[in-house]
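Contents: one structure, followed by commentary.
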Amino acid sequence: MKTKQAVITGASGLIGTELCRRYLAAGFTVYGLDKKLSELKDPNYKFIKCDLAQESSIKKAIKLITSIDVVINNAADTNLTFKSFESITLKNWEQGIAVNLTSPFILAQLTYSYLKKSKGSMINIASTRALMSEPNTSIYSASKGGMVALTHSLAVTWGPDVRVNCISPGWIASPVENLKTKDHEQHPAGRVGIPSDISEMAYFLTSEHSGFITGQNFVVDGGMTKKMIYV
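Just so we're aligned, residue 1356 is where the sequence shown starts under the numbering used here, counting upward by one.
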């Protein structure tokens, strides 16, 4: 039986590392794309150094892969998330959009033929900031909102050959031991999220058990976006 292959961007981060672990545990060969070297040590894990803000770097990475069953666009530039609106330059905007929204689009173009052949799936990792905002998060919120829209556009364009879904994480932390009791209690679910909350959802959405699900955005936030808060 052919070993399935997954491509995961932002593979060295908190959620990205857990995504890689989940697919490795399921028997996949995992190609992790990131600028930062991953700490993962597994014979089926293939790290590819990649600058996701650069189209040429993405193209070079994908050329190293011969077949793809799953693509997870998880990379995000969070360096400018809370930059004051008045100080944002066009260069700042373009930098954030390049990684958060343009790279998923480029990867979609480059991997579609592979996914069509394998009847595979794509997952886009957005954010609850696609749905609600804090002050001075315009770049991040706009890019993640665009990712949600890109998801349903690709799902309609690629169906029925390829399914595309989105996950919008809320507060995901590790380790949770450093958090305060009130951090957990403010969530209707009673706790702050952990990376495996996202990886398990992603794995389900790329499995045969979710064959009738496409074009959707799944908010995994312990219910926080449904809670009315009055200050």
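Idealized CB from N, CA, C, for every residue including glycine.
If residue i sits next to residue j, beta carbons under 8 Å apart, how far is it from one beta carbon to the other, in whole angstroms?
{"i": "LEU1435", "j": "ASN1447", "result": "5 Å"}
{"i": "ILE1403", "j": "LEU1419", "result": "6 Å"}
{"i": "ASN1455", "j": "SER1411", "result": "The Cβ separation is near 19 Å, so there is no contact."}
{"i": "LYS1396", "j": "VAL1385", "result": "Contact flag wrong, Cβ pair sits at about 12 Å."}
{"i": "ASP1432", "j": "GLN1409", "result": "That belief does not hold up - the Cβ atoms of ASP1432 and GLN1409 are roughly 13 Å apart, past 8 Å."}
{"i": "TRP1513", "j": "TYR1467", "result": "7 Å"}
{"i": "ALA1430", "j": "GLY1365", "result": "3 Å"}
Whose C-alpha, out of the options, is nearest the C-alpha of residue i?
{"i": "SER1482", "options": "TYR1495, SER1476 and LYS1472", "result": "TYR1495"}
{"i": "ILE1584", "options": "GLN1541, PHE1383 and SER1493", "result": "GLN1541"}
{"i": "GLY1548", "options": "GLN1360, THR1506, LEU1369 and VAL1362", "result": "LEU1369"}
{"i": "PHE1460", "options": "SER1488, LYS1414, ASP1538 and LYS1357", "result": "LYS1414"}
{"i": "SER1488", "options": "LEU1388, ARG1376, SER1367 and MET1579", "result": "MET1579"}
{"i": "LYS1582", "options": "SER1562, GLN1571 and PRO1543", "result": "PRO1543"}
{"i": "PHE1383", "options": "SER1493, VAL1531, ARG1546 and LYS1359", "result": "LYS1359"}
The alpha helix (DSSP H) with residue i in it runs from where to where?
{"i": "LYS1438", "result": "Element bounds for LYS1438: n/a, residue is neither H nor E."}
{"i": "ASN1447", "result": "1445 to 1452"}
{"i": "ASN1381", "result": "In the sequence as displayed, the identity of residue 1381 is Ala instead of Asn. From DSSP, ALA1381 is part of no alpha helix (DSSP H); its letter is neither H nor E."}
Tell me which residue opens and which closes the beta strand (DSSP E) that residue i is part of.
{"i": "GLY1387", "result": "1384 to 1389"}
{"i": "ILE1427", "result": "1425 to 1428"}
{"i": "ILE1363", "result": "1360 to 1364"}
{"i": "ILE1549", "result": "Note, ILE1549: premise wrong, no beta strand (DSSP E); not H, not E."}
{"i": "LYS1404", "result": "1400 to 1404"}
{"i": "PHE1573", "result": "1572 to 1575"}
* To do: Take every Cβ of the region 1383 to 1392, pair it with every Cβ of the region 1438 to 1446, and state whether three or more of those distances are shorter than 8 Å.
  => Cβ pair count under 8 Å is below three, so no.
* To do: Check whether the region 1555 to 1568 touches the region 1510 to 1522, taking contact to mean three or more Cβ pairs, one atom from each stretch, closer than 8 Å.
  => Segment contact: the region 1555 to 1568 against the region 1510 to 1522, three or more CB-CB distances shorter than 8 Å; contact assigned.
* Quick check: the region 1470 to 1486 against the region 1410 to 1427, are there 3 or more CB pairs under 8 Å? -> In this structure the region 1470 to 1486 lies against the region 1410 to 1427, because at least three pairs of beta carbons, one per stretch, are closer than 8 Å.
* Asked: Are there three or more Cβ pairs, one per stretch, closer than 8 Å when the region 1524 to 1532 is compared with the region 1571 to 1578?
  -> Short answer: they touch.
* Asked: Which runs of the alpha helix (DSSP H), 4 residues or longer, sit entirely within the region 1462 to 1529?
  -> Whole alpha helix (DSSP H) segments, 4+ residues: 1493 to 1513.
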